[in-house]
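Here is the structure we will look at, set down as structure tokens.
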Amino acid sequence: MNRLRPASALLLGSAFLLVGASACAQECLDCHGQPGSTVTFKDGSIRDVTIDPQAWAAGVHGSMGATCLDCHGDKKEYPHPELKAGSARDYTLAHYTTCRQCHEDQFKKQLDGVHIKTIAAGNRNAAVCSDCHDPHTQRRITGEDGKLLPEGRLGIPRTCARCHGEIQKKYRESVHGRALVDGNPDVPTCIDCHGVHDIADPRTTTFRLASPRMCADCHTDARKMAKYGLSTQVLRTYVADFHGSTVTLFQRRHPDQVTNKPVCYDCHGIHDIASKGDPGKGLQVKANLLRTCRKCHPDATTNFPEAWLSHYIPTPDRAPAVYWARLAYAILIPSVVGGMALFVGTDYLRRRIDRRRHLERRHRVEPS
Amino acid sequence: MSPDATFEPPASYDRFTLSDRVQHAVMAASFVVLAVTGLPQKYIYRNNRYLDDLIDLMGGLEAVRVVHRCAATVLMLVAVYHLLAVAHRILVRRASLSMLPRYQDAVDAVQAIRHNVGLAAERPRTDRYTWEEKVEYWSLVWGSMVMIATGFMLWNPVATARFLPGQWIPAAQVIHGGEAVLAILAVLVWHFYSVHFRHLNRAMLTGRMTEDEMEHEHPLELERIKAGTARTAPDPVALARRQKVFLPVAGVVAALLLAGIYWFVTFEQTAIATLPPPR
Chain A
1 MNRLRPASAL
11 LLGSAFLLVG
21 ASACAQECLD
31 CHGQPGSTVT
41 FKDGSIRDVT
51 IDPQAWAAGV
61 HGSMGATCLD
71 CHGDKKEYPH
81 PELKAGSARD
91 YTLAHYTTCR
101 QCHEDQFKKQ
111 LDGVHIKTIA
121 AGNRNAAVCS
131 DCHDPHTQRR
141 ITGEDGKLLP
151 EGRLGIPRTC
161 ARCHGEIQKK
171 YRESVHGRAL
181 VDGNPDVPTC
191 IDCHGVHDIA
201 DPRTTTFRLA
211 SPRMCADCHT
221 DARKMAKYGL
231 STQVLRTYVA
241 DFHGSTVTLF
251 QRRHPDQVTN
261 KPVCYDCHGI
271 HDIASKGDPG
281 KGLQVKANLL
291 RTCRKCHPDA
301 TTNFPEAWLS
311 HYIPTPDRAP
321 AVYWARLAYA
331 ILIPSVVGGM
341 ALFVGTDYLR
351 RRIDRRRHLE
361 RRHRVEPS
Chain B
369 MSPDATFEPP
379 ASYDRFTLSD
389 RVQHAVMAAS
399 FVVLAVTGLP
409 QKYIYRNNRY
419 LDDLIDLMGG
429 LEAVRVVHRC
439 AATVLMLVAV
449 YHLLAVAHRI
459 LVRRASLSML
469 PRYQDAVDAV
479 QAIRHNVGLA
489 AERPRTDRYT
499 WEEKVEYWSL
509 VWGSMVMIAT
519 GFMLWNPVAT
529 ARFLPGQWIP
539 AAQVIHGGEA
549 VLAILAVLVW
559 HFYSVHFRHL
569 NRAMLTGRMT
579 EDEMEHEHPL
589 ELERIKAGTA
599 RTAPDPVALA
609 RRQKVFLPVA
619 GVVAALLLAG
629 IYWFVTFEQT
639 AIATLPPPR
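Residue numbers (this note's numbering), protein chains in the order written: chain A, 1 to 368; chain B, 369 to 647.
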């Protein structure tokens, strides 16, 4: 019952709102709903400002009863006051802060994101709220539980592709991207690795050093990996090896320390991550692995890639040399050191006993 | 402590030459540096705060790796020097092969163990080098060979994979770390007990041993010295003749070994040098 109450209140509230709101939107749509509605900015550029009434009504704002004036409060009068913005981009950059009225959390987060920093650095094309979420047509992307709806997830790469088209092309062909299109709910989309709103600059050393944990979030999840027959030992085996030990040490102590030791994506690809068996890129294919090693070890020969155990835990069948070496020292160290300790211990006791007897004897021979 | 006419200072006996003692000091110093810089590297994956602190204290991981390799180079130089010094002692001075293990050492060891547990009345009477010292010396020789061989593979993985299966490199890493732990624990248990704890043996510092110490630790050697059957100084003419052959040969061998070390430490770069990070 308790869970139903807020939901029904919301429903009731929106029903009331809808009546008033749609009336207001209808008024604006009288003009803006007609194709060919345009504005002219100061720089002379013309922008189509037609709003498709059906798309608006189906969008999350329209369907929840938001009004045009909630965002465009200065357009209350008709004729509208003269446009101050020099261009459409000027207008967007000046008005995106309006989203904050309702979306405070997301707004604050994006202030820490790479896009805002890029704008601050002078690139005015970097994305603000409305570049990713067109407020007039944006559909609902999260469910009641706040989690992304399947359609929402599917749309993410397309949204990012508006600017990052080349990257999206690579992603689409990757093992994750293809599965996403097939409706797989487990694979990451852009935001699972890069974050949403407070997107970090992926070109920093900090991002690079932290990236193995990012991949490990899913790749050590036994429930997820079991579905695809993938190993959950990938992080453990990486950290135990030359490359991973350095990277993780730097990550925990000096997250901005530059290092040439590879992280997951240096070998597996950044956006074009292939399945391990992929004939062209999969690292289970020897030639592909050798090519990958040669990126940093240019003189590597065919034996060299085997120096990396390919995330396998050594067993007698796989990496027998490593397995037997481990076993040998696991036996050798305790037995040798234990034997030594045993001798040292008995030697110490014997000498104490001998000394005491010696003193006692002397005591008897030379009574004071 | 007034001078006493009847006071006779206890006799002391030569045990280690200056060369021996310098070798020991340099070797011990490099051993400690190798252990201190090596162990935190071995256990990075343990995610241990104190080991991480130790690495930072020493200037960070990259610095630790360079220091470790420098200390390794010093250890290899001592090994080369030791090889030549032993060759000189045996070939030129014709010293007895007193460090070679003999059947008697096994007998001594068994007797020492039996004595400790109360099965034998007497402790074995040992000669110039006791069985315990031989265990230690040959462990060091064997351990150094293992560490140098596996160290080469880790230092030059690309070169190693040219003539060995690639898997031997991670195996070398396991052996290098395992042997290191074994060596460090052996030094802590065996060496510290026998020369620091049981009785502080200063022979590696002063080069000499008192009569009392000789009586306890090397009674057979002392007996021979006293009986006058210990080896006397070699004939100077023969010594000079053998020296004349030895020096040039040793020079060539030394040059070859040093070239080997140089080749070892400069063979390849990708395992240590900082290439630009992959993009």
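Cβ coordinates follow ideal geometry from the N, Cα and C atoms, glycine included.
Please tell me whether A:Tyr-312 has its Cβ less than 8 Å away from any Cβ of chain B. So, not an interface residue.
Three Cβ pairs or more, each shorter than 8 Å: is that satisfied between the segment 125-145 of chain A and the segment 107-115 of chain A? Enough Cβ pairs lie closer than 8 Å, so yes.
Looking at the C-beta of A:Ile-273, does it have a partner C-beta in chain B at a distance below 8 Å? No, because no Cβ of chain B sits closer than 8 Å to the Cβ of A:Ile-273.
For A:Ile-119, which residues of its own chain have a beta-carbon under 8 Å away from its beta-carbon, when the five flanking residues on both sides are left out? Closer than 8 Å at the Cβ level, and outside the excluded window around A:Ile-119, lie Leu-93, Ala-126, Val-128.
Examine chain A for any beta-carbon lying closer than 8 Å to the beta-carbon of B:Val-394, and answer yes or no. The beta-carbon of B:Val-394 is placed no less than 8 Å from the nearest beta-carbon of chain A.
Assuming contact is defined by CB atoms lying nearer than 8 Å, are A:Thr-237 and A:Leu-349 in contact in what I supplied? At least 8 Å separates the beta-carbon of A:Thr-237 from that of A:Leu-349.
Return the residues of the segment 472-497 of chain B that lie within a Cβ-Cβ distance of less than 7 Å from chain A, sorted by chain order. Ile-481, His-483, Asn-484, Val-485: these are the residues of the segment 472-497 of chain B whose beta carbon lies less than 7 Å from some beta carbon of chain A, given in chain order.
Can you give me, in chain order, the residues of the segment 322-342 of chain A that have a beta carbon less than 7 Å from any beta carbon in chain E? No chain E appears in this structure, whose protein chains are A and B.
Beta-carbon proximity check, B:Asn-524 vs B:Phe-384, cutoff 8 Å: The answer is no: Cβ separation not under 8 Å.
Of the listed residues B:Ile-516, B:Ala-393, B:Asp-382, B:Asp-420, nearest to B:Val-633 (C-alpha basis): Residue B:Ile-516 is the option with its Cα nearest to B:Val-633.
Compare the C-beta of B:Gly-511 with all C-beta atoms of chain A and state if any pair is closer than 8 Å. False, the Cβ-Cβ gap to chain A never drops below 8 Å.
Taking 6 Å as the limit between beta carbons, can you name the residues of its chain near A:Ala-55, skipping five residues before and five after? Same-chain partners within the cutoff: Thr-137.
With 8 Å as the threshold, decide whether the Cβ of B:Ala-539 is near any Cβ in chain A. Against chain A, the CB of B:Ala-539 has a partner CB under 8 Å away; the residue lies at that interface.
Would you mind telling me which residues of chain A sit closer than 8 Å to B:Leu-573, beta carbon to beta carbon, in chain order? Neighbours of B:Leu-573 on chain A: none; closest Cβ ~22 Å, over 8 Å.
Measuring CA to CA, which of B:Val-605, B:Lys-502, B:Met-444, B:Gly-519 is closest to B:Tyr-471? Nearest to B:Tyr-471 by C-alpha distance, out of B:Val-605, B:Lys-502, B:Met-444, B:Gly-519, is B:Lys-502.
Own chain residues within Cβ distance below 7 Å of B:Ala-571, not counting five before or after: If the five residues before and after B:Ala-571 are omitted, its C-beta is found closer than 7 Å to the C-beta atoms of Arg-383, Phe-384, Met-577, all from its own chain and listed in chain order.
Take B:Glu-547 and list the residues in its own chain whose beta-carbon comes closer than 8 Å to its own, dropping the five residues that flank it on each side. Hits under 8 Å: Gly-511, Val-514, Met-515, Thr-518.
When you compare the segment 393-412 of chain B with the segment 352-365 of chain A, are there three or more beta-carbon pairs, one atom per stretch, that lie closer than 8 Å? No contact exists between the segment 393-412 of chain B and the segment 352-365 of chain A.
Contact residues within the segment 416-450 of chain B, judged by C-beta distance below 8 Å to chain A: Residues Asp-420, Ile-423, Asp-424, Gly-428, Leu-429.
Check whether the Cβ atoms of A:His-243 and A:Pro-255 lie closer than 8 Å to each other. No, the pair does not count as a contact, with Cβ atoms beyond the cut-off.
Those runs of the alpha helix (DSSP H) which lie wholly inside the segment 202-284 of chain A and span at least 4 residues: Counting whole runs of 4 or more residues, the segment 202-284 of chain A contains the alpha helix (DSSP H) stretches 205-219, 222-228, 234-240, 242-253, 264-268.
Between the alpha carbons of A:Leu-69 and A:Lys-281, how many angstroms are there, rounded? Going from the Cα of A:Leu-69 to the Cα of A:Lys-281 covers about 53 Å.
If the criterion is Cβ atoms closer than 8 Å, does the pair B:Ala-431 and B:Leu-402 meet it? In this structure, B:Leu-402 does not lie closer than 8 Å to B:Ala-431 by Cβ.
Within 8 Å of any Cβ in chain A, is that where the Cβ of B:Val-526 sits? For B:Val-526, the answer is yes, since a Cβ of chain A falls inside 8 Å of its Cβ.
Backbone secondary structure at A:Asp-186 - three-state DSSP: Coil, per DSSP.
In the DSSP assignment, what are the bridge partners of A:Leu-148? Note: A:Leu-148 is bridge-paired with A:Thr-142 in the DSSP secondary-structure output.
Per-residue contacts from A:Pro-316 into chain B (C-beta, under 7 Å): Those within 7 Å of A:Pro-316 in chain B number zero; the least Cβ separation is about 12 Å.
Based on Cα-Cα distance, which residue from B:Thr-574, B:Ser-507, B:Tyr-449 lies nearest to B:Ile-629? The residue with the shortest Cα to Cα distance from B:Ile-629 is B:Tyr-449.
Identify every residue that forms a DSSP beta bridge with A:Asp-48. BP columns for A:Asp-48 point to A:Thr-38.
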